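Residue numbers (our numbering): 193 to 471.
We put the beta carbon where it would ideally sit given N, CA and C, even for glycine.
Model, not experiment: these values are computed from the prediction.
A short worksheet on the structure shown next.
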Amino acid sequence: MKKRGSVHFISGIRFLFLLIIAAFVSMHNHQLKAQPDAGNWQAIFDKHDAVGTFVLYSTKADSFFIYEPERAKTRFLPASTFKIPNSLIGLETGVISGLDEIFIWNGTDYGYQVWNNDLSLRDAFRVSAVWVYQEIARRVGRENMEYWLQEINYGNMLTGPHIDRFWLDGDIAISPVEQIGFLRKLYAEQLPFKSENQKLVKELMLVKQTDTHHLFAKTGWAARIKNSIGWYVGFAETPLDTWFFALNIDMRKPSDQDARIAISMEILEKSGIFPVSDN
């Protein structure tokens with residue numbers, strides 16, 4: 193009886209070991225299949241009737257995968273993707289006390305109900321409240337803003353005459369490839385800001401997560417200019433790699449607003465990077 197029990201015990205241990213191995217393989221299997229192919233991305237853009245570019249960068253392979261390379265090198269207004277550096281600069285200069293600082297709404301109807309409230313920095317980033325970030329830019333001031341844009345080498349580093357709208361319809365411009373360069377430094381906490389402030393901004397950017405994958409991102413829409421453009425930029429942490437991405441498209445119709453995220457997520461999923469269906 194003891195011998196039989198011992199056999200059962202060993203079999204149980206072996207079974208448990210196999211389960212652990214299977215779970216480990218399953219957890220990594222999705223990432224092991226990561227095979228970006230920019231040549232197949234046009235079908236995704238066509239599906240959404242979108243015109244633009246998508247840039248993907250693998251940290252592990254130190255390689256770029258690019259759909260429409262010429263556009264990927266072209267500079268555009270950053271629109272609300274500028275909330276990333278604006279948050280960093282605001283925190284570093286001390287004009288923002290932290291992610292939970294409350295910005296008091298002045299009663300103006302900004303056209304979006306979610307903007308017409310007192311908002312914390314955390315909420316303002318999430319709902320992309322322009323008025324909050326205009327207030328932050330005014331607090332920072334032109335001299336400080338220009339200094340920090342040069343320090344981080346952000347695009348063409350131009351603010352123009354209007355400190356509270358230069359990223360919306362002004363002179364500053366950045367390319368999708370440059371966006372990725374900036375995000376790589378942020379992820380590695382290699383920008384000239386305190387490490388704690390870079391961690392806080394990455395916390396603001398977290399939009400999706402599973403047990404093994406994390407997606408950090410920000411949308412942008414330059415709607416105030418004649419030929420408006422849209423952005424979705426960020427990075428995906430996976431078990432075996434960290435992938436950086438930047439989408440830039442023409443905003444020609446209402447559905448393009450949703451297409452920014454949809455195209456990006458379809459490319460990340462089809463490339464084996466982020467398991468969209470598991471979110």
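Own chain, CB closer than 6 Å to Asp361, minus 5 neighbours either side, in chain order: Within the sequence shown, residue 361 is the residue found at index 169, counting from 1. Correct list, in chain order: Arg416 and Ile417.
Separation of Lys265 from Gln223, as counted between CA atoms: Numbered from 1 along the sequence shown, position 31 holds the residue referred to as residue 223. Numbered from 1 along the sequence shown, position 73 holds the residue referred to as residue 265. Legend: pLDDT at Gln223 = 43, less than 50; position of this residue unreliable, no value from coordinates given.
Contained alpha helix (DSSP H) runs [length at least 4] in the stretch 257–328, N- to C-terminal order: Runs found: 261–264, 275–285 and 313–319.
At least 3 beta-carbon pairs within less than 8 Å: the stretch 358–372 vs the stretch 432–451: Touching, per the Cβ criterion.
Given Val425 as reference, the closest of Asn419, Gly412 and Pro431 once Cα atoms are compared: Taking the sequence shown and counting its residues from 1, the one referred to as residue 425 is at position 233. Nearest neighbour of Val425 by Cα position, chosen from Asn419, Gly412 and Pro431, turns out to be Gly412.
Neighbourhood of Met457 by C-beta distance below 8 Å, restricted to the same chain and skipping five residues each side: Residue mapping note: residue 457 aligns to position 265 of the sequence shown, counting from 1. So the qualifying residues of the chain are Phe466 and Val468.
Exposed unless 16 or more other CB atoms sit within 10 angstroms - verdict on Pro277: Here the question's residue 277 lines up with position 85 in the sequence shown. Pro277 should be labelled buried.
Option in Glu429, His354 and Arg334 with minimal Cα separation from Thr285: Position 93 of the sequence shown, counting from 1, holds the residue named residue 285. If we check each option's Cα against that of Thr285, Arg334 comes out closest.
CA nearest to the CA of Phe427, picked from Leu407, Ile236, Glu395 and Asn419: Start at 1 with the first residue of the sequence shown, and residue 427 comes out as number 235. Checked all of Leu407, Ile236, Glu395 and Asn419; the closest Cα to Phe427 is Leu407.
Extent of the continuous beta strand (DSSP E) run through Val247: Taking the first residue of the sequence shown as position 1, residue 247 is located at position 55. Gly244 to Ser250 is the extent of the beta strand (DSSP E) around Val247.
The stretch 440–451 contacting the stretch 240–247, beta-carbon criterion three pairs below 8 Å: These segments touch.
N- and C-terminal bounds of the alpha helix (DSSP H) containing Val369: One-based indexing of the sequence shown puts residue 369 at position 177. Run containing Val369: Pro368 to Tyr379, per the alpha helix (DSSP H) assignment.
Identity of the residues DSSP links to Tyr339 by a beta bridge: In the sequence shown, counting from the first residue as 1, residue 339 sits at position 147. According to DSSP, which records beta bridges pairwise, Tyr339 is partnered with nothing at all.
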